[in-house]
Each structure stands twice: as structure tokens, then as C-alpha cells.
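In what follows, a single structure is set out as C-alpha cells and then discussed.
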């Protein structure tokens, strides 16, 4: 029987799982593991992020293209804790990523060695990450590692997916045992979870009875790859289709049944369709507060009287925020296939219905209402103008990545996606600093699925960029091409400034603009910084400059940074907030407080 160190077991098992990249920063707390990666460097490529949070975001971006989780590794202490934001983002959005954190030797636990946290419990690092991973493991002896690796991948990839953390002491990385590297599928569930046939029949009957059916798609549709099924079912019953941000690309946005988004960042058409629906089919959707307009009745949803059919792999989500007429625990693709079988002889001519005509009219109204947010003559340019230029220039299958902020909200409201896995965005944790590293991961994923020329575009605000700008170095180090970082620079945290002014008054905006000592707005010169990293870069501010700049950049054969100065004067900084979001108003803002309390009272009634 062969003899392997703990580090070698991990490296060899990752290879068996099909992992091609390990992402992390070497430190004293993981050197034996790193040496094992060195021995397998022909099969495992080491990627060097400059901050461990970014490593997790890269792994998520890669997974969302390939369905293959990657391994992030860290040293003990600060490097391990740096993964917390990335892990929380992955946990909330149900994204599998394996994080292996170095730790002190087992026999030195509790002595307060370099970077150990031990005043409440010896080697207490795992407890910091425990709430934000699906499962955590703490290795005590090297013999545990084969089983832990197998169980870690099982946890990540079955049921509701999510991240896993392994705490790996230094001595277990270097210690050796005689062992066989496990085969990944020997102890893993294979196949989909099907819905109860009786409940599927009830749901199918309810869909047939619906006069105003609406489907709301969550991230579970994308995870399950239920794209064909949701399209076929929508066309079969003539349902309007509304997406959450995690499922923006789950249904063709140019399809006549697509009704955009509902919620606080939604659209008037999406809000109208979901709030007046008689039958609502929710697939892999959490009904988070933004989607549900902070649960204010009648804004996003009216449940009841709307009858809710909810499909989710996680029974915890069924009925959590709204009562269900039919709750189905199961895989989205499998359950939709079952419903399609039940409705095999059913098909309506939806294009001839008044309901379909209403959808088209509501969509026209929505886009007409956006005209005031699309003034192409403004300098600096408006975000809407940039989005239209981007959609015009880039291919239909280009992958577009966004973090939180105004650009994400406007992406949801205005930007069309046509194919699955072309929209990657930070979801329920609303993470800043996400776009740059996630785009790098997505680009690597595109290469590995045989689409090396697929364009990957990160739309990133200036504040967002400054959180992870160091990762531009990774794009250059890897020699990535056809990757574009479009910096929408408005000199501040302007999405929050807009929220302050909308909720508290137009004289607000405190702490959200970047000023220098003289009171002038401040910004680094991102174009010059990008050039220093080795990227192709330009800085522009007008509509007519957008397409020519992108054309020049696309010929550069380098990672691209285009800095675009965008309008920062409210309300031309973003797009309209159509739904409702619960932002409490302080008592001293008397008129606004009264209005807020009336809205709350109305909700309770």
C-alpha cells in the first residue's frame, strides 16, 4: 500500500475530483500542503490571489461556468479569516467551494503560537467560519484526511450546495500514512431528487386552472440547469416569467413571456405581474426581502389570494416567508420534468390571450418610463448609456459579472441576457469586491469548457474596484485575453448616497462621496493604475467614446480596463426604485417619519 503525507492525500484526491486549480497564498501554516501541490504541479495549477477573499470569489466565478468546485488554501490566522467574506457570499448563494485553512500543530494547540486564536478554546479558528459554511471539519490525525476529503465534496455537491471548510494543522499536512486515495463516487449520491408524484399532480392541476400564471425563478434553476424545462413549461401554460438576480440568465430576456424583475430593485412590469398573479410558481427562490419588497403586501406579492406553488431542494425554504398552496421538495429540473409529463396533453395559445397582450403593454410602459434615465447627451455619461453600449458591442454569449451597487440594480432592470451562465452577480450577501476576482474565475472556466474566446466583462464601481484592484495582477500573470473590467467611476458609494437622499432627503449623502482635503471629489487614476499592472487601459466619459474604446481594447491581446466617468447627480445616477424596501426613518425627520409609519401601518392592516 502506498504511503502519502496529509498534503499528498489532499492533492491526489483533488485531482481525482477533476480539480484543475488550487487558489491561495503560501504561508508558514500551509507549507507542507503547498509542497504537495508542487509535486502535482503538472496536474494542479496554483493561482496566486493577492487576498484570500478574492480567492473564494475566483472559485465561485469558475464554478458558475463549469459546475466544478475549486480548492482555496490559506495559512493560519489572518489568511484564513480573510476568506470569511467570500465564504459568506458562497453560503448565502449556495455555491460550493472548498477552503482548506492551515492551523497550528495538534500537539501545540493552546500554547498561543504564532497566529493561533486560543483564549476561549484551543485553535479556535474553525468557530469563526462555522456559521458561513455548510460543514466544517477539524483534522486531528492524518488518517482522517481521506474520509474528510470525500465527505467534504459530498457536502458541497449534494442537496442544497454550499461551501465547506477544513482546518488542517501543520503536523497533519506533513505526517504520512499508508492509504489508498478514495474514489470520489464510491460514497456519493448520484441522481436528482424527484418530487412526490401526488403533490406534482396537485401543482399541475393548479397551473392549468391559472388565468394569470407567473413563474419566479431563483438560483436553484441555474444550479439544476433547468433552462429548457422552465421555458417549455412557461410556453405550455402561457406564464409570465420573472427572475431574481441569481437567475437573470435562466430564461431568454428577449422572449415575449419574460417580464423582467419584481421587488425593490424590480420593474413596473415585473411588480404588476407578480402582485396580480392568481397562480405563482416559485422555483429555487428564497423570497428574500428585496425580491418581496420587504414583505409589504400587494407590492411584490399578494399571497394569499395568489396561490403559491414552491419547488425547492431545501425543505427549510418551503413556506418560510409565504404560505404555500403546494410545496414540493425536490430538484428543480426533475420536478419541472414531472410537471411537464403531467401536462403533456395541455397547451394554450398564449399569444392570443388578453393576459399576454397585457404583458407586452406593461413592458412597453416600463421601457418608456426609463427614457429620463437614458439621456445620452449627459457628460459624464449615465450608467444606462453604458449598459446599452455594452450590450450592443459584446456577443450574445458574453459573460457579464457584477457586484452590488447601482450597476447591479440597473443590470437587473435594463440589461438583456440571452443564454444560461452569462450573468454572474453577487446575490444575497450583496458583496462588494466581487466582480474582479469572479470575472477572472469565470474566464478560466470559459477556457476549461472549450470556449477560450468567450468574452468576460466585469462591471465594477470605483469603490468596488478599490477593494480588490490587486487581483488585476492575476489576470495579467495568467495572460488572460478577452476579459474586460469596465469601471463605472462616480467618485463614491453612490448607490448608498442615492438611498440616503431618497429616504432621508436630498440634502443627505453624508460619508458616501470621496472628497479630498479641499472639498473636491477625489478618485485615483484607474487607467494609469491598470497600465501599471500591465493591462490595456483607457479613460472616457462620453457616449460616442464607448464603442471605439471597446474596439481598440479588444485588439490589445491583454486584460482590459476601461474607466468610464459616470454621472453622480441624483436622480441621474441610477434607475428608479419601483418596489419598496424597509429603510427606517429617524424620529427627527418628522414628515418623512410620518410617511414611513403610515406605510408600516398600512402593511399591518
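Residue numbers (this note's numbering): 49 to 653.
Built from N, CA and C at the ideal position, the CB exists for glycine as well.
Straight-line gap, residue i to residue j (C-alpha atoms, nearest Å)
i	j	result
residue 406	residue 306	12 Å
residue 652	residue 632	Confidence in residue 652 is poor, its pLDDT being 45 and thus under 50, which makes the residue's placement too unreliable to answer from.
residue 365	residue 109	25 Å
residue 727	residue 427	The displayed coordinates of the chain run from 49 to 653. Any statement about residue 727 would go beyond what the structure contains.
residue 49	residue 218	24 Å
residue 63	residue 547	47 Å
residue 400	residue 414	22 Å
residue 616	residue 538	5 Å
residue 197	residue 58	7 Å
residue 294	residue 206	19 Å
residue 304	residue 551	35 Å
residue 447	residue 586	21 Å
residue 204	residue 555	48 Å
residue 301	residue 461	11 Å
residue 216	residue 525	29 Å
residue 285	residue 425	43 Å
Beta-carbon proximity of residue i to residue j, cut-off 7 Å
i	j	result
residue 382	residue 240	yes
residue 248	residue 387	yes
residue 130	residue 163	no
residue 92	residue 252	no
residue 190	residue 311	no
residue 467	residue 496	no
residue 642	residue 437	no
residue 124	residue 150	yes
residue 591	residue 429	yes
residue 503	residue 419	no
residue 320	residue 410	yes
residue 348	residue 630	no
residue 376	residue 540	no
residue 458	residue 623	yes
residue 564	residue 558	no
residue 119	residue 67	yes
residue 607	residue 490	no
residue 384	residue 277	yes
residue 145	residue 117	yes
residue 601	residue 584	yes
Closest Cα partner of residue i within the set the options
i	options	result
residue 361	391, 210, 323 and 498	210
residue 533	549, 563 and 612	612
residue 134	192, 268, 337 and 213	213
residue 142	512, 563, 332 and 628	332
residue 101	122, 450, 278 and 420	122
residue 605	297, 277 and 527	527
residue 176	204, 452, 256 and 126	126
residue 572	477, 370, 510 and 449	510
residue 487	476, 462, 513 and 464	513
residue 452	154, 222, 473 and 357	473
residue 593	610, 422 and 577	610
residue 553	639, 586, 229 and 181	639
residue 180	498, 482, 301 and 137	137
residue 483	169, 114, 500 and 505	505
residue 52	614, 447 and 193	193
residue 431	425, 416, 417 and 454	454
residue 255	339, 283, 412 and 476	283
residue 499	475, 515, 476 and 529	529
residue 297	78, 636, 202 and 273	273
residue 73	103, 261 and 56	103
residue 71	517, 412, 231 and 492	492
For residue i, the residue or residues it bridges with in DSSP
i	result
residue 51	226
residue 674	Because the chain in this structure spans residues 49 to 653, residue 674 falls outside the shown range and cannot be described.
residue 71	95 and 120
residue 502	In DSSP, residue 502 forms no bridge with anything.
residue 518	BP columns for residue 518 are empty, so no partner.
residue 509	536
residue 157	Per DSSP, none; premise fails for residue 157.
residue 184	213
residue 490	In the DSSP output, where bridge partners are listed per residue, residue 490 has none listed.
Contact with chain B by residue i, beta-carbon distance below 7 Å
i	result
residue 624	Structure shown: chain B not included; a single protein chain is present.
Query raised in the report: Taking the runs of the alpha helix (DSSP H) that are 4 residues or longer, which of them lie wholly in the region 227-314?
Result: 245-257, 267-272 and 275-285
Requested in this report: With a floor of 3 residues, list each beta strand (DSSP E) that falls wholly inside the region 400-488, ordered by position along the chain.
Outcome: 447-450 and 471-473
Query raised in the report: For the region 563-631, which segments carrying the beta strand (DSSP E) assignment without a break, of at least 3 residues, lie completely within its bounds, in sequence order?
Result: 584-588 and 608-613
Requested in this report: Tell me the start and end of each unbroken alpha helix (DSSP H) in the region 91-123 that is at least 4 residues and wholly inside, in chain order.
Outcome: 100-114
Report task. Return the chain-ordered ranges of every alpha helix (DSSP H) run that is complete within the region 532-558 and spans a minimum of 4 residues. Result -> 542-552
Query raised in the report: For the region 334-379, which segments carrying the beta strand (DSSP E) assignment without a break, of at least 3 residues, lie completely within its bounds, in sequence order?
Result: 355-360 and 374-377
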